[in-house]
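What follows is one structure encoded as structure tokens, with my remarks underneath.
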Amino acid sequence: MSHLLKFAASIIALLLLINCSSSFRNNKDDPLDRQLKVLREFYNSTRGYHWKNSSGWNDSNNTDPCTWYGVRCRNGGLFVSTLRLSKNGLVGIIPESIGELTYLEHLFLDANQIVGNIPNSIGKLKYLISLYLDLNQLSGELPLSMVNLTSLQYLTVEMNHLSGEIPNGLSKLPLSIFNVAFNEFTGTFPGGLCDRISCDASRNKGLKCPSNGCDRFCPNGCCNLETCNCNYACFTDQDCAGGLCGKCRLTSQGPIKLCRK
Numbered sequence: 062m063s064h065l066l067k068f069a070a071s072i073i074a075l076l077l078l079i080n081c082s083s084s085f086r087n088n089k090d091d092p093l094d095r096q097l098k099v100l101r102e103f104y105n106s107t108r109g110y111h112w113k114n115s116s117g118w119n120d121s122n123n124t125d126p127c128t129w130y131g132v133r134c135r136n137g138g139l140f141v142s143t144l145r146l147s148k149n150g151l152v153g154i155i156p157e158s159i160g161e162l163t164y165l166e167h168l169f170l171d172a173n174q175i176v177g178n179i180p181n182s183i184g185k186l187k188y189l190i191s192l193y194l195d196l197n198q199l200s201g202e203l204p205l206s207m208v209n210l211t212s213l214q215y216l217t218v219e220m221n222h223l224s225g226e227i228p229n230g231l232s233k234l235p236l237s238i239f240n241v242a243f244n245e246f247t248g249t250f251p252g253g254l255c256d257r258i259s260c261d262a263s264r265n266k267g268l269k270c271p272s273n274g275c276d277r278f279c280p281n282g283c284c285n286l287e288t289c290n291c292n293y294a295c296f297t298d299q300d301c302a303g304g305l306c307g308k309c310r311l312t313s314q315g316p317i318k319l320c321r322k
């Protein structure tokens, strides 16, 4: 009899365990379920049916995003940590729900045809290390929420149609690579970004040198920023960062003019 009781107790315990596991998986607060919903929305908003590779994404029966093309997970498959979809034919917008991928560390969306604004919710990704959005058709400003990306080391948004001012708060982030070249940024370039391992702000016609002077902040040419061309050739004072880098003066070298304080 005791053996039967023990056997019955084991069966009950097993059933309870299965029930609890099933309940958690069906719970709306299950983190993987939430992430699955976000990824489905991302797929639809970037015309996933036209992607070059959408393996797993286009299978409604595959509910394990960790097996999908370009997706990597951690913590035993519980959290999405990487989206690597470079050069994959994405067309459309980045949905605001991207900020719900709480544990995302690497986001590679470069060399696609993504349009619209960078969503403000991007600032929620506090574990984000890499953000590659270059070679797209993004417009609007860099959201101020990006200053909250306290783990960000690599930020490239070159060759888009981004405008407005570059948030000064970005200079407080642990960025090693910062590339905003070939956009339409205006205002004053944050001087604190000039000492990064790799920095490029070239081809932004309206972007001016740090207001406290070129030499102090940008000893190596201010991230290739043409308008911050202290001691370089010029035609008018406007070529010297609108006067922030001195004036366009004649030199002893004949008709050549240089930006000099």
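Read in order, the letters of the sequence shown correspond to residues 62 to 322 in the numbering used here.
C-beta atoms are modelled at their ideal positions from N, C-alpha and C, and glycine is treated no differently.
Checklist entry - What number of angstroms, rounded off, separates the C-alpha of valine 218 from the C-alpha of asparagine 240? => result Taking the sequence shown and counting its residues from 1, one reaches residue 218 at position 157. Taking the sequence shown and counting its residues from 1, one reaches residue 240 at position 179. Roughly 6 Å separates the two Cα atoms.
Checklist entry - Would lysine 318 be called buried (16 or more neighbouring beta carbons within 10 Å of its own) or exposed? => result Along the sequence shown, one-based indexing puts residue 318 at 257. It counts as buried.
Checklist entry - Is tyrosine 164 closer than 8 Å to tyrosine 188 when the C-beta atoms are compared? => result Residue mapping note: residue 188 aligns to position 127 of the sequence shown, counting from 1. Residue mapping note: residue 164 aligns to position 103 of the sequence shown, counting from 1. Against a cut-off of 8 Å, the Cβ pair of tyrosine 164 and tyrosine 188 comes out as a contact.
Item to check | Sequence-distant residues of its chain with Cβ nearer than 8 Å to asparagine 244 (five each side left out) | outcome: Within the sequence shown, numbered from 1, the residue matching residue 244 stands at position 183. For asparagine 244, where only same-chain residues beyond five positions count, the Cβ hits under 8 Å are Val218, Glu219, Met220, Asn221, His222, Leu223, Ser224, Arg264 and Asn265.
Next on the checklist: Please report the distance separating the alpha-carbon of leucine 236 from that of arginine 257.
Outcome noted: To locate residue 236, count along the sequence shown from 1; it is residue 175. To locate residue 257, count along the sequence shown from 1; it is residue 196. Between leucine 236 and arginine 257, the C-alpha separation is close to 7 Å.
Checklist entry - Between isoleucine 155 and asparagine 105, what straight-line distance do the alpha-carbon atoms span, to the nearest angstrom? => result Locating residue 155 in the sequence shown gives position 94, where the first residue counts as 1. Locating residue 105 in the sequence shown gives position 44, where the first residue counts as 1. If I take the Cα positions, the gap works out to 10 Å.
Checklist entry - threonine 312: buried (16+ other C-beta within 10 angstroms of its C-beta) or exposed? => result As a working mapping, residue 312 is identified with position 251 in the sequence shown. Classification for threonine 312: exposed.
Checklist entry - Where does phenylalanine 296 land, buried or exposed, given buried means 16+ other C-beta within 10 angstroms? => result For the purposes of this step, residue 296 is identified with residue 235 of the sequence shown, where counting begins at 1. Looking at its Cβ environment, which holds fewer than 16 other Cβ atoms inside 10 Å, phenylalanine 296 is exposed.
Checklist entry - Nearest CA to the CA of asparagine 136: which residue from Glu166, Ser200, Asn122 and Tyr193? => result Locating residue 136 in the sequence shown gives position 75, counting from the first residue. Asparagine 136 has its Cα closest to that of Glu166, out of Glu166, Ser200, Asn122 and Tyr193.
Checklist entry - Would the beta-carbon of leucine 194 fall within 8 Å of that of leucine 170? => result The residue you call residue 194 lines up with position 133 of the sequence shown. The residue you call residue 170 lines up with position 109 of the sequence shown. For leucine 194 and leucine 170, yes; Cβs fall inside 8 Å.
Next on the checklist: Taking the beta strand (DSSP E) that leucine 146 belongs to, which residues open and close that run?
Outcome noted: Along the sequence shown, one-based indexing puts residue 146 at 85. Leucine 146 -> no beta strand (DSSP E), and no H or E assigned at all.
Item to check | Euclidean distance between Cα positions of serine 147 and tyrosine 110 | outcome: Position 86 of the sequence shown, counted from the start, is the residue given in the question as residue 147. Position 49 of the sequence shown, counted from the start, is the residue given in the question as residue 110. Spanning the two alpha carbons is a distance of roughly 16 Å.
Next on the checklist: Looking only at its chain, what residues have a beta carbon closer than 6 Å to the beta carbon of serine 232, apart from the 5 residues adjacent to it on each side?
Outcome noted: Translated into positions along the sequence shown, residue 232 becomes position 171. Excluding positions up to five away in sequence, the list reads Pro251, Gly253 and Leu254.
Item to check | For cysteine 309 and arginine 321, the rounded distance between their alpha carbons | outcome: For the purposes of this step, residue 321 is identified with residue 260 of the sequence shown, where counting begins at 1. For the purposes of this step, residue 309 is identified with residue 248 of the sequence shown, where counting begins at 1. About 6 Å.
Next on the checklist: So if DSSP puts phenylalanine 140 in a beta bridge, which residue, or which two residues, is it bridged to?
Outcome noted: If you number the sequence shown from 1, residue 140 lands on position 79. Its beta-bridge partners are Arg135.
Item to check | Under 8 Å between C-beta atoms of methionine 207 and isoleucine 190 | outcome: Within the sequence shown, residue 207 is the residue found at index 146, counting from 1. Within the sequence shown, residue 190 is the residue found at index 129, counting from 1. Not closer than 8 Å, so no.
Checklist entry - Which residue comes first and which comes last in the alpha helix (DSSP H) that contains asparagine 105? => result Stepping through the sequence shown from its first residue, residue 105 is reached at position 44. Unbroken alpha helix (DSSP H) run through asparagine 105: 92-106.
Checklist entry - What does phenylalanine 243 pair with, by DSSP beta-bridge criteria? => result Translated into positions along the sequence shown, residue 243 becomes position 182. Its beta-bridge partners do not exist; DSSP assigns none.
Item to check | Delimiting residues of the beta strand (DSSP E) encompassing glycine 267 | outcome: The sequence position of residue 267 within the sequence shown is 206, counting from 1. For glycine 267, the enclosing beta strand (DSSP E) starts and ends at 267-269.
Item to check | DSSP-derived helix/strand/coil call for cysteine 127 | outcome: In the sequence shown, residue 127 corresponds to position 66, counting from 1. The three-state reading of DSSP puts cysteine 127 in helix, counting H, G and I together.
Checklist entry - In chain order, what residues of the same chain have a beta carbon less than 6 Å from the beta carbon of leucine 192, not counting five sequence neighbours either side? => result As a first step, residue 192 is located in the sequence shown; it is residue number 131 there, counting from the start. So the list reads Leu168 and Leu216, once near-sequence residues are dropped.
Item to check | Backbone CA spacing between serine 115 and proline 271 [nearest angstrom] | outcome: Translated into the one-based positions of the sequence shown, residue 115 becomes position 54. Translated into the one-based positions of the sequence shown, residue 271 becomes position 210. Going from the Cα of serine 115 to the Cα of proline 271 covers about 44 Å.
Checklist entry - For the beta strand (DSSP E) that contains lysine 308, what are its first and last residues? => result For the purposes of this step, residue 308 is identified with residue 247 of the sequence shown, where counting begins at 1. Per DSSP, lysine 308 belongs to the beta strand (DSSP E) from 308-312.
Checklist entry - Taking Cβ to Cβ, would you say isoleucine 238 is nearer than 8 Å to serine 259? => result Position 177 of the sequence shown, counted from the start, is the residue given in the question as residue 238. Position 198 of the sequence shown, counted from the start, is the residue given in the question as residue 259. Going by C-beta atoms, isoleucine 238 is nearer than 8 Å to serine 259.
Next on the checklist: By the three-class DSSP mapping on this structure, what secondary structure does valine 176 have?
Outcome noted: Translated into positions along the sequence shown, residue 176 becomes position 115. Note: valine 176 maps to strand in three-state DSSP.
Item to check | Residue from Asp120, Asn119, Val141 and Ser121 whose Cα sits closest to the Cα of glycine 127 | outcome: To locate residue 127, count along the sequence shown from 1; it is residue 66. What sits at residue 127 in the sequence shown is cysteine, not glycine. Out of Asp120, Asn119, Val141 and Ser121, Val141 has the C-alpha closest to the C-alpha of cysteine 127.
Checklist entry - Under 8 Å, do cysteine 284 and aspartate 261 count as touching if we go by C-beta distance? => result As a working mapping, residue 284 is identified with position 223 in the sequence shown. As a working mapping, residue 261 is identified with position 200 in the sequence shown. Going by C-beta atoms, cysteine 284 is nearer than 8 Å to aspartate 261.
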